[in-house]
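Asker: Let me give you the structure first, and then I'll get to my questions.
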Amino acid sequence: MPNVPLKTLYENIRARGWSFVWRTLQRDRMDAAFHRSRPSGDPLSPGALLEVAPLPSGQRFTFENAGLELEIIDSAIARFTWIPGVPTPPYALAGADWPEVEVRTWIEGEVHWLESSHLRIAVHADGSLHWYSRLPSGAALLRSDLPPQRAGECWISSSPTSPGESFYGLGEQSGPFNLRGQVRRCWNTDPGGSYGPGADPLYMPIPVYAGKHAAGAYLIFYENSFPSKFDFASGSDSVQASFESGQLRGYFIPGPLPRCLEHYTALTGRAPLPPLWSLGLHQSRWGYKDEADIRQVAEGYRQHNLPLSAIHLDIDYMHGYRVFSVDSHRFPDLPRLADELAASGIRLVTILDPGVKVDSRYDVFRSGLEQRSFVSDDGSNADIGLVWPGPSAYPDFTAPAGRRWWGSFYPRLLDAGVAGIWHDMNEPTNFVAWGDPTLPLSLRHDLDGQGGSHFQAHNLYAFQMNRAGYEALRTLRPQRRPWLLSRSGWAGQQRYAWNWTGDTETSWPVLRMTLATVLGLGLSGFPYTGSDIGGFSGSPDAELMLRWFQLAALMPFFRIHSAAGTSRREPWTFGEPAISIMRATIHLRLRLLPYIYTLAWNAAQTGAPLLRPLLWEFPQDERFGDTSDCFLLGDALLVAPVLDPGAVTRKLLLPEGLWYDFWSAARFEGPGEIELPAPLDRLPLLVRGGALLPLKNAGDVLELHYFPGSTLHAALLYSDLGDGYADSRLDSFTREPGAAGETRLRWSATGGFPLPQSGIPLVVHAASLVSASLDGESLPVQDAATVLPVHSNGEKTLSLMLSTQ
Ligand code: MIG
């Protein structure tokens, strides 16, 4: 009997009818047959090593029961492929052509060695592998894998942990941040209702994680989309990864963490620079009724003088939940609404679900049937799911023609003035009476010609939906940067879409959890994520709402969203002082935008996430192995959000070096532990000594703020029009040796984008500016500030004389 509470089953039948139960039974029958058809067997080791042959950048090892290809595809990226097994289509990889790497190989006793400039790998005769990074001081052992076991179609790989080893990432996880001791599954899943700490699996787990111990850090990515399970040494002292089918293929990348992410995103691609508007505040809600409701929201923002960047339309705007349709009674003139909003600087974002309503009078369904764009089990029957529109067909986004077909409907939204698209329910989710809320495993997918089951395609489904959307947006609107938001996805999807943490509960523990989730996603290659401010499912009180809002203001994705039936959550619904505090918080976000935008540019260059755990920057400090209650935004800001009710101060572990309170310029010297004031209207925020922080003032003027210190941080400023692909400008600063009391900076400017101001105010904090000069010409100084005349395409030397009494 299905394992589901009778009460839930009863409610489901009441809401959705008996056909719902019948569909679930049918699904169960199909899945049972699918599982019966899969081979089983006792676990088998690779056995004896029979033969070794050279490959262009590596070697092929033939064992009695398995084969291993080992390639060093970039001097710091090694790929291992254990066969047999079905390969995963190479969707995750951003490019296929890797120049040949010089690999040295030799044999020592029973051990075969491979070596590049950054890596050394030992292959033992039983199939166990040892992974080293090459350092000037010698080689450091980062990881060992025991000989993998194959049982039926499954692969099981065990890796002994190093003492004190921690694990991070695995895509979207519900905490704790350090996964040591946890067991997690990779199978994209709508957890249903709402979720909190420890829920597993979520919408977007990804088989990529970082390990860190005394000898260093590394990252491992398993390129296998079948269901998998990761046991991070819960009951033993080894990590176990098991895959239900496919090849055992993966990539090993040596640390430190910033290098891991740089190489991992060279492999799987980097998130492109988003349009500037997407970095502002978004307002959303499931249950906005009609145009009047939306107008009132926009009007509320205007009246209360709260800058808003975007409004999202949830499924309520559609006609009977038919994708690419608009309900003409409740939204009679979407283009006009979009125009009105645009006039107040607000973009419109609309939701799309993959499920297409089965309705013979609905052209999207009809053309999908005609063009065979839906997944099915036998090439004809497309009525396979049940979602918001009722019985629904699911597009096969893993087919090139299916992606183009789907994209061909985007003009319907774009022509209505929609600026961004939000992809929901793409795990894919299918309403079932019990069991796994997704499609039957035996359904057939194209997988770009390779062909395969939903068992293999499931985790790739959202990824390819976002690819379809991204490619449509690039083609249809080549002058604008696409903006897509997705609930589910897989490795490499950072190239196409942002992600949010889905249907969270409304509670303080969940507020804390979302920070761990976002930090873990950053280490999995996803720089743009965030959570529903206030939590999805409940109605937060003003305090929880404010603390959530303050934290989200320093996260990449800054959006208020909530479930239907919760209390309204626009800022003014909380009264004063909440409105004023939220206004000040939005202004903090806008003030930081030049810095955040520069971090976004940097993410596109290096793969570094905007939000970083402290261990990213301070890997030697053992206090930070589990720390996810504060974080670094870039390399110059340390954010210590308030995560507990009633708190008026915030304690934190301070990393080494000089730090300044952003609000008072009070100076602290780490390492140590400090307690910062945190009344309700204050987000505790520290600036790193040596930071040259680009900020915007209330008049939209770009400023530089210098906080004295011995090493320069945040010494970059990226500027452009905020959308499109035209000229940009990069200002970069480097520290040079100066005279006593002098801070000497080399300022180089490149790129053709003209800054809209002729001078940049430079403000010095926690010291007085005695004098300043640019290329020897002295600049007027007043109140610890001066104005730097802007130059283009060239280098100048800036000299600052500071006094710190
Ligand atoms: O079955 O579109 O996570 O943000 O408001 C729920 C309605 C479907 C789930 C999304 C949520 C959205 C909701 N959706």
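Each residue of the sequence shown is one higher than the one before, counting from 108 in this note's numbering. Virtual Cβ for every residue (Gly too), placed ideally from N, Cα, C.
1. Confirm, please, whether the CB-CB distance from valine 456 to glycine 527 is below 8 Å.
2. For ligand 1, any of its heavy atoms closer than 7 Å to the Cβ of alanine 670?
3. Find out if the Cβ-Cβ distance for the pair alanine 201, glycine 556 is shorter than 8 Å.
4. Below 7 Å CB to CB, which residues in the same chain sit around proline 701 once its five sequence neighbours on both sides are set aside?
5. Counting pairs of beta carbons, one from the region 602-614 and one from the region 625-641, are three or more of them closer than 8 Å?
6. Check for me: the alpha helix (DSSP H) holding aspartate 181 runs from which residue to which?
7. Measure how close the beta-carbons of alanine 569 and asparagine 533 come, nearest whole angstrom, since I'm counting them as under 8 Å.
8. When you compare the CB of glycine 202 with every CB in chain B, is at least one pair closer than 8 Å?
9. Measure from the alpha carbon of aspartate 423 to the alpha carbon of each residue in Ala671, Gln586, Ser301, Pro786, then state which is nearest.
10. Run the CB neighbour count on proline 616, radius 10 Å, all protein chains shown included, and call it buried at 16 or more, exposed below.
11. Excluding the 5 residues preceding and the 5 following methionine 108 in the sequence, name in chain order all residues of the same chain whose CB lies nearer than 8 Å to its CB.
12. Taking 7 Å as the cut-off, is the C-beta of isoleucine 458 nearer than that to any heavy atom in ligand 1?
13. Does the region 318-326 come within contact of the region 160-180, defined as at least 3 CB pairs closer than 8 Å?
14. For arginine 437, which residues in the same chain have their Cβ closer than 8 Å to its Cβ, ignoring the five residues on either side in sequence?
15. Could you check if valine 471 is buried or exposed, using at least 16 other CB atoms within 10 Å of its CB as the buried criterion?
16. Could you tell me which whole beta strand (DSSP E) segments of length 3 or greater appear in the region 515-571?
17. Give me the Cα-Cα distance between phenylalanine 339 and isoleucine 180, rounded to the nearest whole angstrom.
18. On the criterion of 16 or more Cβ atoms from any shown chain inside 10 Å, does valine 218 qualify as buried, or is it exposed?
19. Taking the beta strand (DSSP E) that glycine 704 belongs to, which residues open and close that run?
20. Kindly give me the distance between the Cβ atoms of tyrosine 603 and asparagine 573, rounded to whole angstroms, as I take these residues to be in contact under 8 Å.
21. Using only the heavy atoms of ligand 1, determine whether one of them is closer than 7 Å to the beta carbon of glycine 609.
22. Taking 7 Å as the cut-off, is the CB of phenylalanine 643 close to at least one heavy atom of ligand 1?
23. Would you mind stating whether proline 153 and alanine 173 have Cβ atoms separated by less than 8 Å?
24. In terms of alpha-carbon separation, which member of Val159, Ala183, Ile184 lies closest to glutamate 176?
25. Name, in chain order, the residues that DSSP records as bridge partners for phenylalanine 359.
26. Just grab the DSSP bridge partners of tyrosine 577 for me.
27. Sort out for me which residues DSSP pairs histidine 426 with in a bridge.
28. Near glycine 303, what residues of its chain come up, given a Cβ to Cβ distance below 8 Å and the 5 sequence neighbours on each side ignored?
29. Mind checking whether the beta-carbon of glutamate 572 lies closer than 7 Å to any heavy atom of ligand 1?
30. Taking its Cβ as the centre, do 16 or more other Cβ atoms sit within 10 Å of leucine 113, making it buried, or is it exposed?
31. For ligand 1, any of its heavy atoms closer than 7 Å to the Cβ of tryptophan 590?
32. Can you find the residues in the same chain that come closer than 6 Å, C-beta to C-beta, to phenylalanine 562, ignoring five residues on each side of it along the sequence?
33. Given the structure, does tryptophan 393 come close to ligand 1, in the sense that its CB is under 7 Å from one of the ligand's heavy atoms?
34. Spell out the partners DSSP gives tyrosine 58 in its beta bridges.
35. Would you kindly work out how many angstroms separate the C-alpha atoms of serine 240 and arginine 588, rounded to a whole number?
36. Name, in chain order, the residues that DSSP records as bridge partners for leucine 236.
Answerer: The structure says:
1. Mapped onto the sequence shown, residue 527 falls at position 420. Mapped onto the sequence shown, residue 456 falls at position 349. Yes, Cβ-Cβ distance for glycine 527 and valine 456 is below 8 Å.
2. In the sequence shown, counting from the first residue as 1, residue 670 sits at position 563. Yes, ligand 1 has a heavy atom inside 7 Å of this Cβ.
3. Position 94 of the sequence shown, counted from the start, is the residue given in the question as residue 201. Position 449 of the sequence shown, counted from the start, is the residue given in the question as residue 556. Not in contact: alanine 201 and glycine 556 (Cβ atoms no closer than 8 Å).
4. Position 594 of the sequence shown, counted from the start, is the residue given in the question as residue 701. Around proline 701: Pro801, Leu802, Lys803, Leu809, Leu824.
5. yes
6. On the sequence shown, residue 181 is found 74 positions in, with the first residue counted as 1. Run containing aspartate 181: none in the alpha helix (DSSP H); it sits in the beta strand (DSSP E), 174-181.
7. What you label residue 569 is simply residue 462 of the sequence shown in a count that begins at 1. What you label residue 533 is simply residue 426 of the sequence shown in a count that begins at 1. Taking C-beta atoms under 8 Å as the contact rule, alanine 569 and asparagine 533 qualify, at a distance of about 4 Å.
8. In the displayed structure, chain B is absent; only one protein chain is listed.
9. For the purposes of this step, residue 423 is taken as the residue at position 316 of the sequence shown. Considering only alpha carbons, the answer is Ala671.
10. Sequence index remark: in the sequence shown, residue 616 carries index 509 (1-based). Label assigned to proline 616: exposed.
11. Translated into the one-based positions of the sequence shown, residue 108 becomes position 1. The pLDDT assigned to methionine 108 is 44, lower than 50, so where the model puts this residue is not dependable, and the model offers no usable value.
12. Residue numbering aside, residue 458 sits at position 351 when the sequence shown is read from its first letter. Distances between the C-beta of isoleucine 458 and the heavy atoms of ligand 1 include at least one below 7 Å.
13. no
14. On the sequence shown, position 330 is the one that residue 437 refers to. Within the same chain, arginine 437 has close Cβ partners Lys396, Asp397, Glu398, Asp423, Tyr424.
15. Stepping through the sequence shown from its first residue, residue 471 is reached at position 364. Label assigned to valine 471: buried.
16. 527-530
17. Stepping through the sequence shown from its first residue, residue 339 is reached at position 232. Stepping through the sequence shown from its first residue, residue 180 is reached at position 73. Roughly 27 Å separates the two Cα atoms.
18. Start at 1 with the first residue of the sequence shown, and residue 218 comes out as number 111. Under this definition valine 218 is an exposed residue.
19. Within the sequence shown, the letter at position 597 stands for residue 704. The sequence as given places tyrosine at residue 704; glycine does not occur at that position. Here tyrosine 704 belongs to no beta strand (DSSP E); instead the alpha helix (DSSP H) covers 685-713.
20. Along the sequence shown, read from residue 1 onward, the residue named residue 603 stands at position 496. Along the sequence shown, read from residue 1 onward, the residue named residue 573 stands at position 466. About 4 Å separates the two Cβ atoms, so the contact holds.
21. By one-based count along the sequence shown, residue 609 stands at place 502. Yes.
22. In the sequence shown, counting from the first residue as 1, residue 643 sits at position 536. Flag set: Cβ of phenylalanine 643 near ligand 1.
23. Translated into the one-based positions of the sequence shown, residue 153 becomes position 46. Translated into the one-based positions of the sequence shown, residue 173 becomes position 66. Yes. Within cutoff.
24. Within the sequence shown, the letter at position 69 stands for residue 176. Residue Val159 is the option with its Cα nearest to glutamate 176.
25. In the sequence shown, the residue the question calls residue 359 occupies position 252. Ala185, Ile327, per the DSSP bridge assignment.
26. Here residue 577 refers to the residue found at position 470 when the sequence shown is read from its first residue. Answer is none; tyrosine 577 lacks a bridge partner.
27. Taking the first residue of the sequence shown as position 1, residue 426 is located at position 319. According to DSSP, which records beta bridges pairwise, histidine 426 is partnered with Arg429.
28. Here residue 303 refers to the residue found at position 196 of the sequence shown. Ser281, Thr611, Glu612, Ser614, Pro616, Val617, Met620, listed in sequence order.
29. Here residue 572 is taken as the residue at index 465 of the sequence shown, counted from 1. It is methionine, not glutamate, that sits at residue 572 in the sequence shown. For ligand 1, not one heavy atom lies less than 7 Å from the Cβ of methionine 572.
30. Translated into positions along the sequence shown, residue 113 becomes position 6. By the neighbour-count rule (16 or more Cβ atoms within 10 Å), leucine 113 is not buried but exposed.
31. As a working note, residue 590 is residue 483 in the sequence shown. Result no, Cβ not under 7 Å from ligand 1.
32. In the sequence shown, the residue the question calls residue 562 occupies position 455. So the qualifying residues of the chain are Leu548.
33. On the sequence shown, position 286 is the one that residue 393 refers to. Correct: tryptophan 393 has its Cβ closer than 7 Å to ligand 1.
34. Outside the shown range of the chain (108 to 912) lies residue 58, about which nothing can therefore be said.
35. Within the sequence shown, numbered from 1, the residue matching residue 240 stands at position 133. Within the sequence shown, numbered from 1, the residue matching residue 588 stands at position 481. In a straight line, the C-alpha of serine 240 is about 38 Å away from that of arginine 588.
36. Here residue 236 is taken as the residue at index 129 of the sequence shown, counted from 1. BP columns for leucine 236 point to Val230, Asp252.
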